[in-house]
Amino acid sequence: MNPAVAVALAVGMVRSWVALYTLGLAAELRRARRLEIDCDLWEQRQLAGYMREPPLRTAAEIVARAVLGMLSDITWRVQAGLSAHTDRSLRMNEPLPMRALVLLAIAVAAFPAVIGSLVLVGANGEMDGTERALFGPLQIAIGVVIICGLAMSQRRPVLGIGLVATGTIAISGLWYWAAMITIPAGLVLTAIAYFRGRGTRGAQPRGTGAA
Amino acid sequence: MRRKPGHLLPIELAILETGIRLRMEGVAHFYGFLVAREIKERQDARLLTAHGTLYKALDRLQRSGLLESEWEDPIVAAQYSRPRRRLYWVTAAGEAALAKARVPVRKDATQRRPQTGPVTP
């Protein structure tokens, strides 16, 4: 292998690793860490060139520095994620009426899951074994999807609203005979997810060390 | 395992020491790679400090208020055709923490010495 290619590969590997472990962090924090590592890699290559160090040795040292620090990178990532989460929770503290509304919505969304559980244990005598095995878990899954969507609507509005909408459409289709109830209820649940997500839009974690 | 508040790891002590020594030598600010190189030379290590270990320690020191940092002026970096450096410096709290961390070590050493007793031939 061409020695210069080895250095480029080592640098690429480190950059990929940094890109991987900073995924999901606040943009500024992610950018700051990437810039700092990029600068470090550049300085190391410059010094190696100045010292006329063999490129393979430089490449090996770059890889070794990355590998030996991976555990620290992971623990740093976990801590950075937790502090950002705590910060978001503080900033995104919702008014009491909204929290009460979300709790009510979760209780409504739990209804299909409760019905699904009853079907699964055979409380509905009209269904045979195959129907129970199909409709029970399906209704439980729909209830869980809606609840997850409502819970996520604060931090990930698009995903949260999408899950709530998908779940409510699915339950309206499954319980087509109760469409007069399921469709308006679904619209209300989706609206709650939407307004919850909208209310927290623009909140950013602090202390990200902007570059 | 959670660390005791105020307890400094060897890498954190080395960073603070390096920062203070560089300042005494006229280098007001330091950056990640410079401190890694200084530690390597000082400790006669085979490798530079790992990226994760170094930048996590710098981050922790900054969060504790023992270091401060700012990004280098992009114009300066452009003049030298290199990426921008994140420049750090040791705060007064950092100097105090280093001094405090060094004192118990010396105390322990002086307390332990008499207990070792004379070496029998």
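Chains as they are written, first to last, in this note's numbering: chain D, 1 to 211; chain Y, 1001 to 1121.
By construction, the Cβ of each residue, glycine as well, lies at the ideal position given by its N, Cα and C atoms.
Quick check: is the beta carbon of P1083(Y) nearer than 9 angstroms to any beta carbon in chain D?
yes
By Cβ distance below 8 angstroms, which residues in the same chain neighbour K1100(Y) in space, the five residues on each side in sequence not counted?
G1006
With respect to the alpha helix (DSSP H) encompassing S16(D), which residues constitute its N-terminal and C-terminal limits?
P3 to Y21
Give the single residue among V188(D), I140(D) and A19(D) whose Cα lies nearest to the Cα of P112(D).
I140(D)
Closer than 9 angstroms to chain Y by CB, W42(D):
yes
DSSP three-state label for R1086(Y), please.
DSSP, reduced to helix, strand and coil, places R1086(Y) within a strand of the structure shown.
Just the chain D side, please: which residues come within less than 7 angstroms of H1029(Y) by C-beta, in chain order?
Here the premise fails: no neighbours, minimum Cβ distance about 13 angstroms.
Which of the three DSSP states, helix, strand or coil, is assigned to L71(D)?
helix
Using a C-beta to C-beta distance shorter than 9 angstroms, which residues of chain D count as neighbours of Y1055(Y)?
Neighbours of Y1055(Y) across chain D, judged by C-beta separation under 9 angstroms: R33, E36, I37, D40, G69, S72, D73 and W76.
Near C148(D), which residues of its chain fall below 6 angstroms by C-beta distance, leaving aside the five closest residues on each side in sequence?
L163
Quick one: is H1007(Y) near chain D, going by C-beta distance under 9 angstroms?
No, its Cβ sits nowhere closer than 9 angstroms to a Cβ of chain D.
Which chain D residues are close to L1047(Y), counting only those with a beta carbon under 8 angstroms from its beta carbon?
Within 8 angstroms Cβ-Cβ: E61, A64, R65 and L68.
Three or more C-beta pairs closer than 8 angstroms, one from the region 69-77 of chain D and one from the region 1081-1099 of chain Y: is that the case here?
no
Under 8 angstroms by Cβ, that's how I've got A109(D) and L174(D) pegged, so tell me the actual separation to the nearest angstrom.
With 8 angstroms as the limit, A109(D) and L174(D) do not qualify as a contact, their Cβ atoms being about 14 angstroms apart.
Any beta carbon of chain Y sitting closer than 9 angstroms to that of L47(D)?
yes
Can you check whether the C-beta of A1036(Y) is within less than 9 angstroms of a C-beta belonging to chain D?
yes
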